[in-house]
Every structure is written in C-alpha cells, then in structure tokens.
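A.B. asks: First the structure, then my questions, so here it is.
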Amino acid sequence: MPRIAYFGPRGTFTEQAARGFGSDLEPRETIPAALEAARTGEAELACVPVENSVEGAVPATMDALAEGAPLIAVAETVLAVRFSLLVRPGGGPVRTVASHPHALAQVRHWLAANLPDAVAVAATSTAAAAVAVQRGEHDAAVTAPVAAEHYPLEVAATDLADVRDAKTRFLLLRGPGALPEPTGSDRTSVVVTAPDRVGVLSDVLVEFALRGVNLTRIESRPTKGPLGEYRFYIDFDGHVAEPRVGDALAALRRHCPDTRFLGSYPKAVREDVVAENADFVAAAEWVVAIREGRGA
1 MPRIAYFGPR GTFTEQAARG FGSDLEPRET IPAALEAART GEAELACVPV ENSVEGAVPA
61 TMDALAEGAP LIAVAETVLA VRFSLLVRPG GGPVRTVASH PHALAQVRHW LAANLPDAVA
121 VAATSTAAAA VAVQRGEHDA AVTAPVAAEH YPLEVAATDL ADVRDAKTRF LLLRGPGALP
181 EPTGSDRTSV VVTAPDRVGV LSDVLVEFAL RGVNLTRIES RPTKGPLGEY RFYIDFDGHV
241 AEPRVGDALA ALRRHCPDTR FLGSYPKAVR EDVVAENADF VAAAEWVVAI REGRGA
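Here the sequence shown is numbered in UniProt numbering, starting from 1 and rising by one per residue.
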C-alpha cells in the first residue's frame, strides 16, 4: 500500500479525499510539506487541494507545483463541501469561531444568521481550528465532518454550507514516471510562464482552439519575480497520448519554453467524450507519406 502524504493535520477535507486513494496516510502541516514528501521519497504520493468552486484556486498548491522538483498528477477527486460546527463538551457561549479562511467564507451567511455575535478567526486549516477549540483557545470550529472522529469535541451543527453545491477538487501527485493510461475522459494540466510580448496569450489559446481542445480552467499567479510577470495554470480535456493534445502541447512549448507538464489523469467526474483524434491521426499519416515520397 503506497504511503500518501496529505495536507493535515488529521481531520481535514484533504484527509477525507486521501482516504479515497488509500489507507496509509501521513499528515503534513502545510501543502508544500506534503508535496515535498513526495519529492524526497518520504511518501510515494501526495494529496492536496487544488481548487474550490466557491473560493477558486488554492494559491499554496499552485505556487508549490510551479516550483521545486517536478511532480505529476495521476488522479483527482472531487468532494462536496459540507461543514460541521464543533464545540467542547459542556462549553459555554460561542464568542469565537475558528476555521480556515476558505471555510469561513463558505459558511459566512450561516454564521451571521445563527451566531451573529461570534467573531470569526482564521486558522491554518479546519483541523487546526478544532485543535484550538480543544485547547480552549476558541469556542467553536468550522471543520470537515471527519474531524469529529479525531478530536474530543461535540458536533453542535452539521451539513453547513451557504452554497449547497460547493465542491473542492483534489489532486494525487507523485514524481515523474509512467503516466496513467488514457481512459477517454481525461484531464491534462500544465503551468506556463509566458514571455513578455504582445499577443502571446492569444497565440497560446489559438493553439488549443485549432485542435478542438477544450480548456476547463485557466488562471494566473504572479511569479514572485518582476512586477507584471505571471504564470498561467491551464487545465484542458484530453490525454497527452492523444495526437491532438500532444500536438497542442508541442505548440504551447514553442510559444512558451518555460512550460511545466503537471500530468494527464482520469477525470473524477466521468463524461461522455466524442473521439476527435481520427482527423489528426490521418493528417499525421499523410505528412509521413509525403516525407517518404509515397504521397502528395
């Protein structure tokens, strides 16, 4: 059973996600620490959150994947986000509520309606908030439901979510190696540092459009270098083994030499995908025939 490092401590949504990939789980205090465990071999795999449908991308994951030794995603999972409110047994009034900022943002209206006088306090994770309540530092914590299994706290309320269909996507990553086989419903991820020239982003997008490759996410983050220098994180349908996807990636690399491949992996939510590779295979065979003097 492979060891999986995950963004902890115990009792986070990431633990809940990691359970779907295996049972030998090792929490790490930060997202970079979980990824570093996979880079150094302390763990075979790392599970981290990448984006939330309400609060958007997870910056710590994006930055850590763009820097350091390469990692590739081999799987993803998507969890519906429902929170629990945990308190100490026999605790008194709730004056402070702690949680990760993303979690607090997703129950803001519930807190305003049910605990209007409580002060929201940011924590490094939902589980860290539970630990703070256990220590008496805060009165309540907004956590993943799994946290109730790990900490001696009472569930004061559960199934909390201002947005009922909120979801978080998680990636399972490891060091470079053989990729998962194409399934017909895959996703590919890359991070690109675009050169500073007019029209470069338009050129990149055209390369995907010309090949009928559907982009599912594109976001930018500063490189932490010169002001105005950005990285672009791009997710799109398809697997690098498909001719049109491989061709699009090669074109992307020509425009942006600083391109990092982050993996081709099965989608968590399966979709019916129309095969669109036949024309690209036929065109490639035609070019080979011309080069070999067998066609015109």
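From the three backbone atoms N, C-alpha and C, an ideal C-beta is built for every residue, glycine too.
(1) State yes or no: is the C-beta of Leu160 within less than 8 Å of the C-beta of Leu79?
(2) Counting C-beta neighbours from all protein chains within 10 Å, is the total for Ala178 16 or more, i.e. buried, or is it exposed?
(3) Using a Cβ-Cβ cut-off of 7 Å (strictly less than) and excluding sequence neighbours within five positions of Thr61, which residues of its own chain qualify?
(4) Got a sec? Which residues, its chain only, sit under 7 Å from Thr223 by beta carbon, not counting five neighbours each side?
(5) Can you round the beta-carbon distance between Asp101 and Glu154 to whole angstroms, since I take them to be within the 8 Å contact cut?
(6) Which residues does DSSP pair with Ser99 in a beta bridge?
(7) Compare the C-alpha of Gly136 against each of Ala156, Ser202, Val94 and name the closest.
(8) Using C-beta distances below 8 Å, list every residue in its chain close to Arg39, excluding the 5 sequence neighbours before and after it, in chain order.
(9) Does Leu172 come out as helix, strand or coil in the three-state DSSP assignment?
(10) Give me, in chain order, the residues of the same chain whose beta-carbon lies closer than 6 Å to that of Arg253; leave out the 5 immediate sequence neighbours on both sides.
(11) Whole alpha helix (DSSP H) runs in the segment 200-234 with 4 or more residues, listed along the chain?
(12) One question on the structure: do Ala132 and Ala141 come within less than 8 Å of each other, judged by their Cβ atoms?
(13) On the DSSP letters alone, give me the boundaries of the alpha helix (DSSP H) that Val245 sits inside.
(14) Considering only residues of the segment 44-110, which uninterrupted beta strand (DSSP E) runs meet the minimum length of 3 residues and lie entirely inside it, listed in chain order?
(15) Compute every distance between the C-beta of Ser264 and the non-hydrogen atoms of the ligand NAD, then say whether any falls below 7 Å.
(16) Under the three-state reduction of DSSP, which class applies to Pro32: helix, strand or coil?
C.D. replies: Looking at the coordinates:
(1) With contacts defined as CB atoms closer than 8 Å, Leu160 and Leu79 fail to qualify as a contacting pair.
(2) A residue is called buried when at least 16 other Cβ atoms come within 10 angstroms of its Cβ; Ala178 does not meet this threshold and is exposed.
(3) Taking C-beta separations shorter than 7 Å and ignoring five residues to either side along the sequence, the partners of Thr61 in its chain run Ile31, Val48, Pro49, Val50, following chain order.
(4) Thr193, Glu229, Tyr230, Arg231, listed in sequence order.
(5) At residue 101 the sequence reads Pro, which differs from the Asp that was named. Pro101 to Glu154, Cβ: 24 Å. No contact.
(6) DSSP, once it has assigned bridges, lists Ala122 as partnering Ser99.
(7) Selected option, being the one with the closest Cα: Val94.
(8) Shown here for Arg39: same chain residues with a beta carbon closer than 8 Å to its own, the five before and five after excluded, namely Gly68, Ala69, Leu71, Gly175 in chain order.
(9) For Leu172, the secondary structure class from DSSP, reduced to helix, strand or coil, is strand.
(10) Here the set comprises Thr259.
(11) The segment 200-234 contains these whole alpha helix (DSSP H) runs: 200-210.
(12) Yes; because the gap between Cβ atoms is below 8 Å, this pair is in contact.
(13) Element bounds for Val245: 243-255.
(14) Entirely contained in the segment 44-110, the beta strand (DSSP E) runs reaching 3 residues are, in chain order, 45-52, 72-80, 83-87, 96-99.
(15) In the structure on display, the ligand NAD does not appear, and there are no ligands present to speak of.
(16) The three-state reading of DSSP puts Pro32 in helix, counting H, G and I together.
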